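Protein chains in written order, with our numbering: chain C, 9 to 118; chain B, 79 to 192.
All residues carry an ideal CB built from backbone N, CA and C; glycine is no exception.
Every value quoted in this text rests on a predicted model; they were computed, and no experiment measured them.
So the structure is just underneath, and the comments pick up after that.
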């Protein structure tokens, strides 16, 4: 079983739409959670960390559900510039390893 | 402050050739990592290091070796390249702060093995 699983999509949404991605993780000892954004042929860049109480950064909201072992990312009022692949990541403290999902592709259409 | 840098950006090898990928970070991070990214497979950890002079195997270590002789550098070696090692290689570093570790990635090395 993979450590982290996410729906690869693709998600094609119109500008202004709200879109949500989910990611499940298998290790209940996971301690830290993240969403990364990756543009085509570029490196992943940290979008936001995910805190237990949920957190928001502008149009982006991240939530963590430890009981069901999933994290989510909500993007409101989608912009063309949001088109990218979104990767979730979890971290355990066993050697400080990170596990990444395969990524969800988002295309925002004019 | 350059963050994480990788050398080279692109490389084409023939089967059986060897090469070393260099990763350098100027953020004084303790932890460094090498990943490969293939279509549909996501990022897979090859090797990682929790400090100068230490290395450990990740999910897909076979065919690769690493060294961390200096805190700021993490080298990934391919002794005898195979076509299955054609991939994009990303280096990353992280430092724990207030119980949370965040990874920062280099720009990647695109390797093709013919």
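Alpha carbon to alpha carbon, how far is residue 95 of chain B from residue 125 of chain B? Give it in angstroms, no decimals.
Residue numbering aside, residue 125 of chain B sits at position 47 when the second chain is read from its first letter. Residue numbering aside, residue 95 of chain B sits at position 17 when the second chain is read from its first letter. Rounded to whole angstroms, residue 125 of chain B to residue 95 of chain B spans 20 Å at the Cα level.
Using beta carbons (cut-off 8 Å, strictly below), is residue 186 of chain B in contact with chain D?
The structure shown contains no chain D; its protein chains are C and B.
Considering only their Cβ atoms, is the gap separating residue 47 of chain C from residue 112 of chain C smaller than 8 Å?
Taking the first residue of the first chain as position 1, residue 112 of chain C is located at position 104. Taking the first residue of the first chain as position 1, residue 47 of chain C is located at position 39. Not in contact: residue 112 of chain C and residue 47 of chain C (Cβ atoms no closer than 8 Å).
Looking at the strands, I want to know which residues DSSP matches up with residue 153 of chain B.
Mapped onto the second chain, residue 153 of chain B falls at position 75. B/100 and B/145, per the DSSP bridge assignment.
Check whether the Cβ of residue 142 of chain B lies closer than 8 Å to any Cβ atom in chain C.
Start at 1 with the first residue of the second chain, and residue 142 of chain B comes out as number 64. No, no contact with chain C.
Kindly confirm or deny that the segment 160 to 173 of chain B and the segment 24 to 44 of chain C touch, where touching means at least three C-beta pairs closer than 8 Å.
no
Given that a residue counts as buried once 16 or more other Cβ atoms are within 10 Å of its Cβ, and exposed if not, what is residue 110 of chain C?
On the first chain, position 102 is the one that residue 110 of chain C refers to. Counting Cβ neighbours within 10 Å, residue 110 of chain C comes out buried, since at least 16 surround it.
Just to make sure I have the definition right: I need the residues of chain C whose C-beta is within less than 7 Å of the C-beta of residue 119 of chain B. Which are they?
Here the question's residue 119 of chain B lines up with position 41 in the second chain. The contacting residues are 110.
Can you tell me whether DSSP reads residue 81 of chain C as helix, strand or coil?
By one-based count along the first chain, residue 81 of chain C stands at place 73. Three-state result, residue 81 of chain C: strand.
Under 8 Å: do the segment 82 to 92 of chain B and the segment 12 to 29 of chain C share three or more Cβ pairs, one atom per stretch?
no
Hey, could you find the ends of the beta strand (DSSP E) residue 48 of chain C is sitting in?
In the first chain, the residue the question calls residue 48 of chain C occupies position 40. That residue, residue 48 of chain C, is in no beta strand (DSSP E); it is neither H nor E in DSSP.
Contact defined as beta carbons within less than 8 Å: I believe residue 114 of chain B pairs with residue 166 of chain B. What is the distance between those atoms, to the nearest angstrom?
In the second chain, residue 114 of chain B corresponds to position 36, counting from 1. In the second chain, residue 166 of chain B corresponds to position 88, counting from 1. Sure, about 7 Å apart at Cβ, within 8 Å.
Grab me the residues of residue 143 of chain B's own chain with a C-beta within less than 6 Å of its C-beta, minus the 5 sequence neighbours each way, in chain order.
Position 65 of the second chain, counted from the start, is the residue given in the question as residue 143 of chain B. Closer than 6 Å at the Cβ level, and outside the excluded window around residue 143 of chain B, lie 155.
Does the distance from the CB of residue 120 of chain B to the CB of residue 68 of chain C come in under 8 Å?
The sequence position of residue 120 of chain B within the second chain is 42, counting from 1. The sequence position of residue 68 of chain C within the first chain is 60, counting from 1. No, the pair does not count as a contact, with Cβ atoms beyond the cut-off.
Would you mind sorting residue 74 of chain C into buried or exposed? The rule is 16 or more other CB atoms within 10 Å of its CB.
Sequence index remark: in the first chain, residue 74 of chain C carries index 66 (1-based). Classification of residue 74 of chain C: exposed, given that the 10 Å Cβ count is below 16.
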